[in-house]
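I have placed the structure first, in the form of structure tokens, so that the comments after it can refer back to it.
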Amino acid sequence: MATSTPFSSYFLQERSFCREPISYFRELALNFSTLSTRNPINLSFERRVFKRSGVRCCALEIKKTPAISTGKMFQLDDVIEAQQFDREILGNIFEVAREMEVIEKNSHGSQILKGYLMATLFYEPSTRTRLSFESAMKRLGGEVLTTENAREFSSAAKGETLEDTIRTVEGYSDIIVMRHFESGAARRAAATAGIPVINAGDGPGQHPTQALLDVYTIDREIGKLDGIKVALVGDLANGRTVRSLAYLLAKYQDVKIFFVSPDVVKMKDDIKHYLTSKGVEWEESDDLMEVASKCDVVYQTRIQRERFGERIDLYEEARGKYIVDCGVLNVMQKRAVVMHPLPRLDEITVDVDADHRAAYFRQAKNGLFIRMALLKLLLIGW
Amino acid sequence: MATSTPFSSYFLQERSFCREPISYFRELALNFSTLSTRNPINLSFERRVFKRSGVRCCALEIKKTPAISTGKMFQLDDVIEAQQFDREILGNIFEVAREMEVIEKNSHGSQILKGYLMATLFYEPSTRTRLSFESAMKRLGGEVLTTENAREFSSAAKGETLEDTIRTVEGYSDIIVMRHFESGAARRAAATAGIPVINAGDGPGQHPTQALLDVYTIDREIGKLDGIKVALVGDLANGRTVRSLAYLLAKYQDVKIFFVSPDVVKMKDDIKHYLTSKGVEWEESDDLMEVASKCDVVYQTRIQRERFGERIDLYEEARGKYIVDCGVLNVMQKRAVVMHPLPRLDEITVDVDADHRAAYFRQAKNGLFIRMALLKLLLIGW
Amino acid sequence: MATSTPFSSYFLQERSFCREPISYFRELALNFSTLSTRNPINLSFERRVFKRSGVRCCALEIKKTPAISTGKMFQLDDVIEAQQFDREILGNIFEVAREMEVIEKNSHGSQILKGYLMATLFYEPSTRTRLSFESAMKRLGGEVLTTENAREFSSAAKGETLEDTIRTVEGYSDIIVMRHFESGAARRAAATAGIPVINAGDGPGQHPTQALLDVYTIDREIGKLDGIKVALVGDLANGRTVRSLAYLLAKYQDVKIFFVSPDVVKMKDDIKHYLTSKGVEWEESDDLMEVASKCDVVYQTRIQRERFGERIDLYEEARGKYIVDCGVLNVMQKRAVVMHPLPRLDEITVDVDADHRAAYFRQAKNGLFIRMALLKLLLIGW
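Line by line, the protein sequences give chains A, B and C. So the first sequence is numbered by the UniProt record's numbering: it starts at 1 and just counts up by one. So the second sequence is numbered by the UniProt record's numbering: it starts at 1 and just counts up by one. So the third sequence is numbered by the UniProt record's numbering: it starts at 1 and just counts up by one.
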């Protein structure tokens, strides 16, 4: 898709840049990429390296990649809940996430978000999610203000409202990533803030970036979203992860979903009804081996002990029931994958890790690309 | 005030930079601004954008703004207490703060403090103050080392002295911003450190950047400091904020101060005597409406429950007595403002927020500019 | 050692850069230093400043310093324990640390590690060590993801293994600096990670960067490591610091070590046997004055109360026994030094601080240079 442009030749011919040291080109390319991102033209470059005077030099080959839709702002002002995404938006986010994979792999030190400041406002700690967002921001050249004790910030003792806190923090930053213990907090924050808000989980409510990275991982691993067969395994009653995933999969065609879970933590009726209303085929099963042999994705989840209160016996029974081990792997198709939102205990045995179909660490990494994409889209658009 | 200089034309003519891409100019301008700050010449630039070969290009118009006093170091080595500031220093800080407003609004990614490292050494958490300082540093291209558990650093158990801690931390950074629970700690740190120290609050002692941002806000909102009328409302006995503000206002002419507070938290005599000795007119009143109708500034503060111990009844009585609501707004002058150091509870009702005279969130934002100004002044001077 | 190269002249002559503003050269020099580090050629530069058109300009004098071994990768993939270092590796690290001293002193804002991301994964807080590593990374232009509550990350409640945590974090960063409460944790992390791991202390196990900075400090202060006489004073039974130091000193020739400690915390036999097997002379003494008068280094350590449990009486007896005060200083040789890993209580009296032989704060600062060197070596090699 990339083609050379008149501009690049202008550059090479008129300035004789082929005699410059490689770092100079690197600098220029960074400048171009900054330029291209803020003003919607995508430029990439290729270095042809040769030796001169004992120093590695290179010529710059500038390529202009037409942007999806030049100058278009991202459709969303905030990322609050899975319900915001339609098929088109998902496609757009995933396209940018693919670009982010290239940036993360090839160039140390992208400067796309240079000068932007993200506030990580966490009312409860979630180190994994926080590090993922902060890495995303820094991989794009942005900076971070961080707090994991935001409860203290708007201290219950002092009694400041969330709205007042947001009005203060928006003065210090360009985007707010918020984790909260109350459902709906992210929506209230977004309603107040004049800058974008990303929900990094609000209590029992939503965790939309997890939902996005799950769908993105399926797309990347299987190569398609229409026509896929997905097994959701484990705690389907309490996991917002699997509920959001089922919700988003309903936006694609000919999807079939299998629910495999202990009786005490079965998928609730609201999602089942929703799937049916959208024409998505689903069935419940208690035969993990049989389901695994048919599916493109086996999405395993952790049975959470805290959901069982005093009934440790029920917990122990439930957690041991559906384990993904090498036996399950053996019946799975060659190109199928095992996914898991992490952290895992023993619901996937460690010997599975070595199999290329174990996609859960790649899935975690995809969270980085999704968050890079969202930060870029919300801060500077396409 | 800005005028074109020979230097800029040299640049444009001899290098034909009008044919370069916009990012190149951006880069140059950043370099210039770095140059100009460290070597006291202020340069700004203007982009004249035009299309060329399908890429937005621009010409650079470099402008040289004469600095206030070329090469002069800032008068202070540290910022420890309100008593350090005279009228001239306040004026200088405010002038730089104004420049900081421009930088923060116009240019993502100022590089003025690039390569400088600030250590945020907080012996007690104060997320709001910490984020404000860290934002200030990062908005100027500087970097931050942060700790909110500095108590542990010089752990009481291990028994390291504050002086030893400072001697270690100064080896890692270029400036220390310290919050401490003991009055006088900042002064001890400054006496030890070979690098600048900013007091971000030391227990019941001082919080000089809050005092500065309050005076700056009055200057920005009202347009003057001489001849203003200010009502200090709420807890005047315990709030170091209002005490410092009264102290600093005494440096200006024809200031009149009204104290409006419940009996149990009246302004103490030391400040009253000080004001009288400086020729500042003041009076106490229990009629908020009448005072509000005459003042340029109604500075409301929170009644702090923790000051009342067991006497919740006294607290409840005190806190309900002087509320700034739309009734008060209605009698206030058109160009008067309501200020508050935040966080607020219900001593200002939320319906006041929508009125343009509600200045408290702008006031919080001014804290950013004041801190940017102090960081610049202490690290690189004018 | 630095010599001008054809390349530098090419640059100066063909581009007439002597007419550019100083900032432009600064930028170029930064580019070169990036270039030279990633592609193993070391370039430095010298600015000859002159006035032109009222603006300070300069000419660039580029110097090529031959790298120790061009293009050679650092011998180590991770830094886990003192046993990894032989005399050659120590020499190499110290040589780079010396370069780091120059970088830290002369140039604000080295960009050698620009675009690299370090994850500070601390399972227990150690603010001093954390700030030192984070300062090191930022002084070289790198970025940091930080967590001091990593226990929560791989929460015991949730039960994630260290290996799974590492696999996630390595997806977000380029190097992991880990502090852990369990001996051997760093080795496990390194075995899992595809990126370098530095052990910042693992429980009662190792703290290799402390050992390195101790040896480096002796080399810097005394000017040699062969033939030195070192007194290890204080708690020799529990301090991993002194144990590692003794271990590393055995790699040098004609070293003599004196152990001066209360009976309850004497150096253990394993180290004594090791020293003997390596031909290192050692003796125990209870006469601090006599030992101090003969040694190049008096390495004092803190008697840790927590080692004595209920026996406060034994602790009080032990801690008061060997104090380094001005009396000790008076018998010490002119070029000898006092060292201490910090924090100190009263085992070195504060009046010693003013003497130039008090090396402990310089020692803490050397920790910065050693960590800068290790980060550079592990991330980009020579």
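Just so you know, even glycine gets a beta-carbon here, dropped at the ideal spot from N, CA and C. Just so we're clear, the structure is a prediction, and the values are computed from it rather than from any experiment.
Alpha carbon to alpha carbon, how far is residue j from residue i? Give it in angstroms, no decimals.
i, j, result
"Gln206 of chain A", "Phe308 of chain B", "41 angstroms"
"Val255 of chain C", "Pro208 of chain B", "54 angstroms"
"Arg305 of chain C", "Cys326 of chain C", "25 angstroms"
"Leu374 of chain C", "Gly239 of chain B", "49 angstroms"
"Thr241 of chain B", "Arg344 of chain B", "14 angstroms"
"Leu43 of chain B", "Ile93 of chain A", "Confidence at Leu43 of chain B is low in this model, with a pLDDT of 34, below 50, so the placement of that residue should be treated as unreliable; the coordinate-derived value is given next. Their backbone Cα atoms lie some 40 angstroms apart in a straight line."
"Ile166 of chain B", "Asp174 of chain B", "12 angstroms"
"Ile370 of chain B", "Arg87 of chain C", "52 angstroms"
"Leu245 of chain A", "Leu113 of chain C", "39 angstroms"
"Thr192 of chain A", "Phe361 of chain B", "13 angstroms"
"Pro125 of chain C", "Arg151 of chain B", "11 angstroms"
"Met118 of chain B", "Gly320 of chain B", "41 angstroms"
"Thr146 of chain C", "Asp214 of chain A", "26 angstroms"
"Met332 of chain A", "Ser183 of chain A", "38 angstroms"
"Glu283 of chain B", "Val324 of chain B", "19 angstroms"
"Gly234 of chain B", "Ile303 of chain B", "6 angstroms"
"Asn106 of chain B", "Ser135 of chain B", "16 angstroms"
"Val177 of chain A", "Val96 of chain B", "31 angstroms"
"Met372 of chain C", "Ile103 of chain C", "10 angstroms"
"Gly223 of chain C", "Gly159 of chain B", "33 angstroms"
"Val328 of chain C", "Ile257 of chain C", "18 angstroms"
"Asp287 of chain C", "Lys294 of chain C", "11 angstroms"
"His273 of chain C", "Glu81 of chain C", "20 angstroms"
"Gly142 of chain B", "Asp270 of chain A", "51 angstroms"
Which word fits residue i, buried or exposed, when buried means at least 16 other C-beta atoms lie within 10 angstroms of its C-beta?
i, result
"residue 395 of chain B", "Because chain B in this structure spans residues 1 to 382, residue 395 of chain B falls outside the shown range and cannot be described."
"Thr276 of chain B", "exposed"
"Phe85 of chain C", "buried"
"Ala354 of chain C", "exposed"
"Val350 of chain B", "exposed"
"Glu316 of chain B", "exposed"
"His180 of chain A", "buried"
"Met73 of chain B", "exposed"
"Gln111 of chain A", "buried"
"Lys251 of chain C", "buried"
"Asn366 of chain A", "buried"
"Gln300 of chain A", "buried"
"Glu290 of chain B", "exposed"
"Gln253 of chain C", "exposed"
"His356 of chain C", "exposed"
Would you verify that the beta carbon of residue i is, or is not, closer than 7 angstroms to some beta carbon of chain A?
i, result
"Lys376 of chain C", "no"
"Arg167 of chain C", "yes"
"Lys229 of chain B", "no"
"Thr37 of chain C", "Reliability of the predicted coordinates at Thr37 of chain C is poor, the pLDDT of 34 falling under 50, and no value is obtained from them."
Measuring only between beta-carbons, confirm whether residue i sits less than 7 angstroms from chain C.
i, result
"Pro341 of chain A", "no"
Counting only C-beta atoms, is residue i closer than 7 angstroms to chain B at any point?
i, result
"Met91 of chain A", "The question names Met, but residue 91 of chain A is Gly in the sequence shown. No, Gly91 of chain A does not count as interfacial toward chain B."
"Gly171 of chain A", "yes"
"Glu160 of chain A", "yes"
Can you give me, in chain order, the residues of the region 97-130 of chain C that have a beta carbon less than 7 angstroms from any beta carbon in chain B?
Flagged, chain order: His108, Gly109, Pro125, Thr127, Arg128.
Can we say the region 184-199 of chain A touches the region 250-265 of chain A, given the rule of at least three CB pairs closer than 8 angstroms?
With a cut-off of 8 angstroms, the region 250-265 of chain A and the region 184-199 of chain A do not count as touching, because too few Cβ pairs lie within range.
Residues of the region 345-366 of chain B in Cβ contact with chain A at a cutoff of 7 angstroms, in chain order, please.
Against chain A - using a Cβ distance shorter than 7 angstroms - the residues of the region 345-366 of chain B are Leu345, Phe361, Ala364, Lys365.
Between the region 133-151 of chain C and chain A, which residues of the former have a C-beta closer than 7 angstroms to a C-beta of the latter?
So the list reads Glu143, Leu145, Thr147, Asn149, Ala150, given in the order they occur along the chain.
With 9 angstroms as the limit, tell me which residues of the region 190-213 of chain C have their beta carbon closer than that to any beta carbon of chain B; keep them in chain order.
Cβ contacts with chain B: none found.
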